[in-house]
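Numbered per my numbering, the sequence shown spans residues 44 to 174. Backbone N, C-alpha and C define an ideal beta-carbon position, used for all residues, glycine too. Inspection log for the structure reproduced underneath, given as structure tokens.
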Amino acid sequence: MKLKIETSKRIELVDITSEILKEVRKSEIPKGICLISTRHTTAGIIINENESGLREDILDLLNKLVPAGTGYRHDRIDNNADSHLRAVLLGASEALPILEGKLELGTWQRIFFAEMDGPRNRTVDITLLRA
Ligand code: ZN
């Protein structure tokens, strides 16, 4: 299924865990794999803790690792090279096991859509495979 997301900032982390848990529950798959992926080139999917300070730390890290507008070649045609490069570091998907009908997430783990070039309307694909 497809999950629609409307982001509101240039870079931000959107917690999509509850929507994904709902899909896993609805599927009634007892054992399998949940693949969360996005087809965008300036966004990513990551798993980590949803703590407000940490969310800011992650975005600060990305800003430090890939500062905007420092002479990237892609900026000559699109002016968003930093967004693509940050997305490269994050990756476009995460896969998690489903066991006994439940997504195998750690106590503090949450799934985020990572917007790197918003605000935009975005889509996340949730693919469930029965084992
Ligand atoms: Zn671009």
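- If you look at ILE59, you'll find it isn't in any beta strand (DSSP E); DSSP assigns it neither H nor E.
- Pairwise C-beta distances place the stretch 44-57 in contact with the stretch 94-108, as three or more of them are shorter than 8 Å.
- Put simply, the backbone Cα of LYS52 is about 11 Å away from that of ASN164.
- For ASP168, the beta-bridge partners assigned by DSSP are LYS45, SER80.
- Annotation: VAL67 to ILE169 spans about 9 Å, alpha carbon to alpha carbon.
- Taking the C-beta atoms as reference points, ILE76 is found nearer than 8 Å to ILE141.
- Distance from the C-beta of HIS83 to the nearest heavy atom of the ligand ZN is not below 7 Å.
- Only buried fits SER126, as 16 or more other CB atoms lie within 10 angstroms of its CB.
- In the three-state reduction of the DSSP assignment, GLU94 falls in the coil class.
- One Cα belongs to HIS117, the other to GLY144, and the distance between them is close to 44 Å.
- Taking the Cβ atoms as the reference, THR81 lies roughly 14 Å from ILE90, outside the contact range of under 8 Å.
- Measuring C-alpha to C-alpha distances from ALA174 to each of SER136, LEU105, SER70 identifies SER70 as the nearest.
- The beta-bridge partner set that DSSP reports for LYS145 consists of LEU142.
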